[in-house]
Structures are given as C-alpha cells and as structure tokens.
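**Student:** Take this structure, written in structure tokens, and hold onto it; I'll ask about it next.
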C-alpha cells in the first residue's frame, strides 16, 4: 500500500514497494505485497498484526536474513540512502550489527548455549560488522589481552545500562543459567553494543511475564530517549504498541492495511481489521470484549481475490471480492486500504461501534447454527 | 448452603529432588492453597510463570499427588478415595492445556482423537459417530473436520478440538490451563465466547488459569492471585479489579499495556515490584513478596502474613492485619483506583 505519511526528512529506513514470495512445494507463496514504510531519525515505529501476517518476514527482508532462493525479494530498502537489496553481501554484513541492530523474539533460544554470555558479547564488540581477514588475524585479535579486556569492559558497561542484575556474574554465566528476563536484557545489550542507528525489535519480551515485560519496555523507551536511536518494533499486542510508538502500521495478510500516528490508530481506527482487533482486546475495566474475528489468516499460496481480509470482514460485499481495495488518505498522516472509504462506494463506513455490533452478531449466529 | 463443586483446602505440593543424602531443599511449588468453586461458577487463577498455578490444577485432576491438604469434589475427598471411586470422579473433571498443538496426536485424525474418551466411557460404537458430530458442532466446527489431521488446522481450531475432547465425557468441571495464551487476540476472543456458551448450555464449572489479568476481568466470577505457591488475594472479580489491595495484585495490574485512556485509570500508579520471582526452592522468610515489595517493612521480613478478610476479599498482606502500622503509603494509594475509574 502506498501509505500516506509525511516522509521524514532523510529517513533512517525507507522501504518502498517491498514484495516477498517463497517458492515451495505447494506452489508460489505470495507473502509480502507492496509494503511501504519509513522510520525517521529518533522515531519509534511499530508494525502490528497477528501471527502469520508477515511481520517477521518483513524485518527479515530488511536485514537480509532471507535466503534467495527460495525467497524472492523485490522492491527497495534504503538505509541512510543506500539500497540494501542491491548492495554486495559483504557491505551488508558490515551494516548489520553496526548500523542495524536486531533483537530477536525468543530470548532463550537466540543466545548460543555453549558460550558464556560475556564471551558472546565480547565477540560482538570485537568482530561485529567486520569482515574476517583470515584465521590468523582473527586469532591474534581474539587472544590479544588488551583488546579482549577492552571489549569485556564495554560489555560490562552496556550490561549495566540495560540494568542487568549482577553484570559481572551474568558475564560468567551460560544462557541456561539466566532467567528469561535476563536473557532478553542480554539480547538488547548485544544489539546495542555497537551503537546502531536503527534497532529492529521483533516482539521484545513477548515470551516474558507481564511485570518483566513492562520493565523491558520501559528500558527500551529510556534507551530511545538517551541515544536518539530509531526503532522498528514488531508486536501483536496493541497495548504495547500504544505505550511505545510514535507511528503504527497495521499489517494483515502481508499487506499494510492501515497506517497513522499512534493517536490516530487508537482514537479513530479506520480499517475493519484494526477495529476488530481493538474490540477483541480483553479489558481491565468492566467493559466486555467483542466476540473476536471469525476465520484465520489466508493461505499465501492461494490468497483470496480482492481484499485479502474480505473472508473475515463483517462489511465484505461484492466490491471487496472483485477489486483490490484502493488506498484512501485521511489528513496528513493516516491512510487505510479499504474499499468502504472510496468516494464511489455506497456501503456504510466502518465505525468502531458498528464493527463491534457486527462481530458480536456474527458470533451469535455461529452459535445459533451450531 | 449446598456443597461447593470443588473445594481445595491447604493444598501442598513439594517436589523433592535428590536421593537420601541430597540436602537440596524441596521445591515448594504449592504451599497451602485453599479455595472453593461453586456450581456453574468460574474462578480465575492468576500468577506469573513459576507461581504454581498449573501445579494446583494438576494436583486437582490427579496428575500430581499432593504432599499435603485435601481436594474435595462435591463434598467427597478425592485425595483419600479408593481407585474405582476416583475413576468415577475423574470423568467429571477434564483439563484443557495451554499448547493446542502438542496436545493432539499428529498421527490421529480428529475423529480418532475424539473417539478415545468415548471409548473409555463405554459409548457403543454405533453411537460414537453421532456423538462426535455433535461435539464438533458444539465447538463451532463441522463434519468436514472429521478426517483431518491436526496439522491441517489453525491454532484456534485445534483448541476447539481440545475443548471438544474435554467435554466428550460430559464433565461438570473443566480445568483450563492458559487455554488461549498461544492464540491471537481475535481468536482468543472467539474461544472465550465459546467457553462462555458452553458454560451456559452444559452448566459447567471452570477453573481458569491464566497470566492475563484483563482476561480474568471479563470471564471469571471470582479471582485468586497466586505468588510463589500461595494465594495472595482472593475475592469477587469486580472487587479485586476495582480495589486491588495486595501490592502484588497492584503491580500485576499496573504492568498491563492498555489500549485507551479509560482503561489506564484502572492501573494503580506507582506500584512496581523489583526484580524477578525467586526460586520456589528458596522461599523468602516472612511475606514471600517482601524482597520485591515497594511497601515492605521490617516486620514483613520476619513474620508470615495470614489471609485477612477485607470487605469481600481475602488478602495475604500484613498491611491488612488489625492494628498494622507503617503501611500508610499503601492505604493512601488504595482509593484512587475506584474513584477515578468507577462509573
């Protein structure tokens, strides 16, 4: 979707027309379609969507972690003006880690279990972003006492910054000796070691308990303030997105279907999917939640015609099935990809209350027919 | 008053680790838990990972044998029954687990999976097909799914099959151990709606275990908050959410990321707990929360609190003992949660 947004003056990351597909036994899976997104300097941008919406594939395409083939990536991904997709692999390897840091989803399985934490992190300091000059150069650097202890000092400093309890002890521990929260802190520390300009965080802390999750998020937001770093965050939790981000992209079926500032998304959600997600969140107040959205994410080998959300949408009609939905802009910063907002469309415009009513009615009729 | 459906008294489960000469302290996973669930009611059991919530459920259904305390079902003690009686009681209780995928045998079709509990209950072969169709219908699936394998189903559909299997033997009590935590919100809402309908239609009683507080708010009649093997706060759900009293409950609630300003008013301010849950091998002295609690006093470290009744809730915190001192800050911070958020 061509999103409507004020393209930040020289964005750190600008993705346009990104498409990713995979060759598979079941045929070609057309996963990511025409994704446009940008992250400005010092901005926190979040991609929200359910499992299987293509969020992680998007970040993997950005960082070059997809193997081609079977993946087929097209479009442009510009980091600081340079196109990452057409860049030689060596240049790109240097950028990863130094320019772009990544925090992966599962803290327990993203650290190497056979090395002490301090060793892994010190390696990142010494060798992150450098191309190897041969084994001898590596060994000389690796066992240079001054360089190694400088690297370890740096690791200690960064672990203190991410508020790791007992940093010294943690450096001498293996990942299995650390709790989930500590591993997550270590991963964030690792991503920050070489001071990247852009941090990509794929569901940071989702695997953790609420109290720890909350702490990791506030740690991230402190770090953003301190370093003027940009963050591209992935989450399926709208509450998390609201607490941290400046702008939000909502993703469904490999397409960005709505974008806007955090306030716009939460106060005036436009797309029926966004509205459905918001209504399905369980709440702390007495308000009940809606009955959920029927169905599940489409099969990418055989995606539905027209709007990819139509089989689950409470507003779907012939127009949704027959044509690709147009992108409609709202104000300066918001846009959505839904045919209901097209000037020529005669159907009702989705509102929060109406969407809720329709979702509940759908649940009810499912129950009655059962 | 009639007997409660399920009553748990002082339940205790300690796991010993070593042999004769091993002095490692045992893991006190559940350490004196009591609650009751009436017919048709839902009790929400909340806690962080490692607090012992799943162990409670496993003790009730008999996967673990409790090391102390009593579980009684409709007035008769489960823990001291003969084997045949237990078998009868067991068919009254079923459990639904967290991960819908690993609970289904990948080599069995859905039909085969659902026929197992029926066979165990001596339902004649001729009747089984009809019953299975009925079950699928009940959980919002249809006969198309009969000959599918688990890998062909989405997470939500698999959880529906798990629920169908649980209700196949017509139980009256379901133990739901984080049934929706592996699912997306839109699917979670569907499963919760399904559970609510089933509860009405089949007059089921639920023990609903979760780490998601807001889910309990929508779903449970009563709420129990567990920490390190003990229930810290127990009361009507409305009561617990409108006036959370225990510092731990308050900390859990304040950690939830919410989606609008109105919700935010329900989050108690300034109530962070420090650090992480300690190992149940090495339970802190006195109040188990005191090393992490922002309100803890010297007394908290020395004396273990009992459960004190405050309004309709029971709170295990010294601040609520008669004549307690030094908790002014906690008491003062209690009021705003309702006065701001209440309508």
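Chains as they are written, first to last, in the working numbering: chain A, 19 to 388; chain B, 27 to 369.
For every residue, glycine included, the Cβ atom is placed at its ideal position computed from N, Cα and C.
1. In chain B, what lies closer than 7 Å to residue 308 of chain A by C-beta?
2. Roughly how many angstroms separate the alpha carbons of residue 278 of chain A and residue 120 of chain B, rounded to a whole number?
3. Measure from the C-beta of residue 283 of chain B to each C-beta in chain A and report whether the shortest distance is under 8 Å.
4. For residue 292 of chain B, would you say it is in contact with chain A, using Cβ-to-Cβ distances shorter than 8 Å as the test?
5. What are the boundary residues of the beta strand (DSSP E) that residue 36 of chain B is part of?
6. Under a CB-based cut-off of 8 Å, is residue 370 of chain A close to chain B?
7. Take residue 67 of chain B and list the residues in its own chain whose beta-carbon comes closer than 8 Å to its own, dropping the five residues that flank it on each side.
8. Would you check if the distance between the CB atom of residue 303 of chain B and the CB atom of residue 228 of chain A is smaller than 8 Å?
9. Using Cβ-Cβ distances below 9 Å, what residues of the segment 201-232 of chain A are close to chain B?
10. Could you name the residues of the segment 145-165 of chain A whose beta carbon sits closer than 9 Å to any beta carbon of chain B, in the order they occur along the chain?
11. Tell me which residues of the segment 109-121 of chain A have at least one Cβ-Cβ distance to chain B shorter than 8 Å, keeping chain order.
12. Which residues of chain B have a Cβ atom closer than 9 Å to the Cβ of residue 183 of chain A, listed in chain order?
13. From the beta carbon of residue 247 of chain A, is the nearest beta carbon of chain B less than 8 Å away?
14. Is the separation between the beta-carbon of residue 59 of chain A and that of residue 248 of chain A shorter than 8 Å?
15. List the residues that DSSP assigns as beta-bridge partners of residue 114 of chain A.
16. Using a Cβ cut-off of 9 Å, which residues of the segment 209-233 of chain B contact any Cβ in chain A, in chain order?
17. Under a CB-based cut-off of 8 Å, is residue 258 of chain A close to chain B?
18. Count the other C-beta atoms from every protein chain shown that fall within 10 angstroms of the C-beta of residue 107 of chain A, then say buried if there are 16 or more, exposed otherwise.
19. In whole angstroms, give me the CA-to-CA distance for residue 334 of chain B and residue 275 of chain B.
20. For residue 231 of chain A, tell me which candidate among A:123, A:145 and A:156 has the shortest Cα-Cα distance.
21. For the alpha helix (DSSP H) containing residue 175 of chain B, name the first residue and the last one.
22. Output, in chain order, the set of chain A residues within a Cβ distance shorter than 7 Å of residue 180 of chain B.
23. Output yes or no for whether 8 Å exceeds the beta carbon distance between residue 140 of chain B and residue 167 of chain B.
24. Against chain B, which members of the segment 284-308 of chain A pass a CB distance test of less than 7 Å?
25. So, does the CB of residue 363 of chain B fall closer than 8 Å to a CB anywhere in chain A?
26. For chain D, check one thing: does any of its Cβ atoms lie closer than 8 Å to the Cβ of residue 267 of chain B?
27. Could you check whether the Cβ of residue 289 of chain B sits closer than 8 Å to any Cβ belonging to chain A?
28. Along chain A, in chain order, which residues have C-beta atoms closer than 9 Å to that of residue 75 of chain B?
29. When burial is assigned at 16 or more other CB atoms within 10 Å of the CB, is residue 196 of chain A buried or exposed?
30. Closest by CA to residue 186 of chain B, which one among B:213, B:118 and B:319?
31. When you check each C-beta in the segment 320-331 of chain A against every C-beta of chain B, which residues fall closer than 9 Å?
32. Looking at C-alpha atoms only, which residue of A:151, A:33 and A:136 is the closest neighbour of residue 205 of chain A?
33. Could you please give the first and the last residue of the uninterrupted alpha helix (DSSP H) stretch that includes residue 340 of chain A?
34. Name the chain B residues that come within less than 7 Å of residue 350 of chain A, Cβ to Cβ?
35. Would DSSP call residue 293 of chain B helix, strand or coil?
36. Where does residue 75 of chain A land, buried or exposed, given buried means 16+ other C-beta within 10 angstroms?
**Tutor:** Per the coordinate set shown:
1. 215, listed in chain order.
2. Each residue's alpha carbon lies about 46 Å from the other.
3. Yes, residue 283 of chain B lies at the interface with chain A (some Cβ there is under 8 Å from its Cβ).
4. With respect to chain A, the C-beta atom of residue 292 of chain B has a partner C-beta closer than 8 Å.
5. DSSP places residue 36 of chain B inside the beta strand (DSSP E), whose first and last residues are 32-41.
6. So no, residue 370 of chain A is outside the interface.
7. Answer for residue 67 of chain B: 31, 231, 232, 247 and 248, listed in chain order.
8. Remark: C-beta atoms of residue 303 of chain B and residue 228 of chain A do not approach each other more closely than 8 Å.
9. 226, 227, 228, 229, 230, 231 and 232: these are the residues of the segment 201-232 of chain A whose beta carbon lies less than 9 Å from some beta carbon of chain B, given in chain order.
10. Cβ contacts with chain B: none found.
11. Within the segment 109-121 of chain A, no residue has a Cβ that lies closer than 8 Å to any Cβ of chain B.
12. Simply 301 and 302.
13. Answer no: the Cβ-Cβ gap between residue 247 of chain A and chain B never drops below 8 Å.
14. Contact flag set, yes.
15. For residue 114 of chain A, which the question treats as bridged, DSSP gives the partners A:118.
16. Flagged, chain order: 209, 210, 211, 212, 213, 214, 215, 216, 217, 218, 219, 220 and 223.
17. At a cut-off of 8 Å between C-beta atoms, residue 258 of chain A counts as an interface residue with respect to chain B.
18. Residue 107 of chain A comes out exposed.
19. Annotation: residue 334 of chain B to residue 275 of chain B spans about 15 Å, alpha carbon to alpha carbon.
20. Of all alpha-carbon atoms in A:123, A:145 and A:156, the one lying nearest the alpha-carbon of residue 231 of chain A is that of A:123.
21. Per DSSP, residue 175 of chain B belongs to no alpha helix (DSSP H) and is neither H nor E.
22. Among the residues of chain A, those whose CB is under 7 Å from the CB of residue 180 of chain B are 314, following chain order.
23. For the 8 Å CB-CB criterion, residue 140 of chain B and residue 167 of chain B do not form a contact.
24. The segment 284-308 of chain A vs chain B, Cβ under 7 Å: 284, 294, 295, 296, 298, 299, 300, 301, 302, 303, 306, 307 and 308.
25. For residue 363 of chain B, the predicted structure reports a pLDDT of 48, less than 50, and the residue's modelled location is therefore unreliable. A value from the coordinates is still provided. Contact with chain A is absent for residue 363 of chain B, since none of that chain's Cβ atoms lies less than 8 Å from the residue's Cβ.
26. Among the protein chains of the structure shown, namely A and B, there is no chain D.
27. For residue 289 of chain B, the answer is yes, since a Cβ of chain A falls inside 8 Å of its Cβ.
28. Going along chain A in sequence order, the residues near residue 75 of chain B (Cβ under 9 Å) are 198, 226 and 227.
29. Here residue 196 of chain A is buried, its C-beta having at least 16 other C-beta atoms within 10 Å.
30. The residue from B:213, B:118 and B:319 with its alpha-carbon nearest to that of residue 186 of chain B is B:213.
31. If the cut-off is 9 Å between Cβ atoms, the segment 320-331 of chain A has 330 near chain B.
32. In terms of Cα proximity to residue 205 of chain A, the closest of A:151, A:33 and A:136 is A:136.
33. Segment 336-340, the alpha helix (DSSP H) holding residue 340 of chain A.
34. By Cβ distance, chain B contributes nothing, its closest Cβ being about 23 Å from residue 350 of chain A, past 7 Å.
35. DSSP places residue 293 of chain B outside both helix and strand once states are collapsed to three, so it counts as coil.
36. Within 10 angstroms of the beta-carbon of residue 75 of chain A lie 16 or more other beta-carbons, which makes it buried.
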